[in-house]
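Below is one structure, written out as structure tokens; the observations come after it.
There are 2 protein chains.
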Amino acid sequence: MTTVAALSQRSVKQILFMTFAVAAIGSLMVPEPFAFGQTTGDDSSPIFGVKIPSGYRQWDLIAPSREAGSFDELRSILGNAISMKAYRDGALPFPDGSMLVKLAWKEVPSAEFDGAFVPGHTTTVQVMVKDSKKYASTGGWGFGRFIDGKAVDQAQHETCFGCHQANVKDHDYVFTRFAP
Amino acid sequence: MTTVAALSQRSVKQILFMTFAVAAIGSLMVPEPFAFGQTTGDDSSPIFGVKIPSGYRQWDLIAPSREAGSFDELRSILGNAISMKAYRDGALPFPDGSMLVKLAWKEVPSAEFDGAFVPGHTTTVQVMVKDSKKYASTGGWGFGRFIDGKAVDQAQHETCFGCHQANVKDHDYVFTRFAP
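Sequence order for the protein chains is G and V.
The numbers in the first sequence follow my numbering, run straight up by one, and end at 180.
The numbers in the second sequence follow my numbering, run straight up by one, and end at 1180.
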């Protein structure tokens, strides 16, 4: 899949020239993504104590996204009512009680329409919960990353805020924008 | 599009053998994507009389998808309550009243995270409405494709059912599967 996703960024002619080489080395070069890291066996995240919120799969869609490279994932980010009101009002920072859930699946080619890619197996579910007091040291956000309903290990959770802080501090530490 | 659709029926190996031919004639044969077609100026689709349903942006997410190639789009398919019940029950055919909406955006690289791609500008909104009597001649489905809220022309709507019939007849003419 990594091979196919990478190729999708290139022209048809380039695909022809690269296909054999990529096929030959692809399986050796691609590291295991985070999605296959260690889990804690707990349904509550280390450091933050964040759980997967009930009913999140019925929340509104904020936007889809895609991660190329070794992740090779299609993603959808959903928001609870409090966060969606903030999105619609264009109001930052997000108020306490805002929750965002990112669902991620491996991207696989559609068997039914050439050139289309669809969700394969689920990789991670990732959660952000706004509580400006409880999570004051991490921008007001608590984080949780889950595989098959179980939180991944502390080392991975130690990376969450640093990345959000480095890249999207001016959007209240949230990457996703609403896609109308 | 005819060329691309035809390839979907073939294996990866066949695609490799055919790529040279397609590349050679592609620029002559492949029209601008549908998303840039003529609109009717009407908010109701030709042939089917389908409109963009109110409140659809708050419907549940069925799944995301991506179209590579000239489309170069991220997509999200949402379903109304009737269709979501059918998805959750695994019940086919979809009951009358089922409605699906596919939102499509140009895929653009994230300016904030290397390797991530996010929605750019909106291209089309596409709608399927189940009414087994009204749309008996098209598998029970009425179709609508919209750009900026206006339906595209009749010629484009004449292609909807043929493609769904050719590729996903056994899934009640619906491409999208629920992504858990």
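The C-beta atom is built at its ideal place from N, Cα and C for all residues, glycine as well.
On a predicted model such as this, the values are computed, not experimentally measured, just so you know.
- Excluding five sequence positions before and after G/Asn-167, the CB atoms of its chain that fall closer than 8 Å to its own CB belong to Phe-175, given in chain order.
- Excluding five sequence positions before and after V/Arg-1075, the CB atoms of its chain that fall closer than 8 Å to its own CB belong to Pro-1064, Ser-1065, Arg-1066, Glu-1067, Lys-1102, Leu-1103, Ala-1104 and Trp-1105, given in chain order.
- The DSSP-derived three-state label of G/Phe-117 is strand.
- Runs of the alpha helix (DSSP H) spanning 4 or more residues and lying entirely within the region 77-124 of chain G occur at 81-89, in chain order.
- When 7 Å is used as the limit between beta carbons, V/Gly-1115 is near these residues of chain G: Glu-67, Ala-68 and Gly-69, in chain order.
- Only Leu-1078, Met-1084, Leu-1103 and Trp-1105 from the region 1078-1105 of chain V bring a Cβ to less than 9 Å from some Cβ of chain G.
- The beta carbon of G/Asp-153 sits closer than 8 Å to those of Gly-37, Gln-38, Thr-39, Thr-40 and Pro-46, all from its chain and outside the five residues before and after it, given in chain order.
- Residues of chain V whose Cβ lies closer than 8 Å to the Cβ of G/Pro-53 do not exist, since the nearest Cβ in that chain is about 15 Å away.
- Per DSSP, reduced to three states, the secondary structure at G/Ser-137 is helical.
- Remark: fewer than three beta-carbon pairs, one from each stretch, lie closer than 8 Å, so the region 86-97 of chain G and the region 1145-1152 of chain V are not flagged as touching.
- Taken atom to atom, the span from the alpha-carbon of V/Tyr-1056 to that of V/Ile-1082 is near 13 Å.
- If you check the CB distance, V/Ile-1062 and V/Gly-1079 come in under 8 Å.
- Listed in chain order, the non-local C-beta contacts of G/Gly-120 below 6 Å within the same chain comprise Trp-105, Lys-106 and Val-108, local neighbours out to five positions each way being set aside.
- About 5 Å separates the CB atoms of G/Lys-130 and G/Asp-96; that is less than 8 Å, so the two are in contact.
- The secondary-structure analysis by DSSP pairs G/Pro-64 across a beta bridge with G/Ser-76.
- Taking the beta carbon of V/Ala-1155 as reference, no residue of chain G falls within 8 Å; the closest one sits roughly 20 Å away.
- In this structure, the beta-carbon distance from V/Gln-1058 to G/Asp-60 falls below 8 Å.
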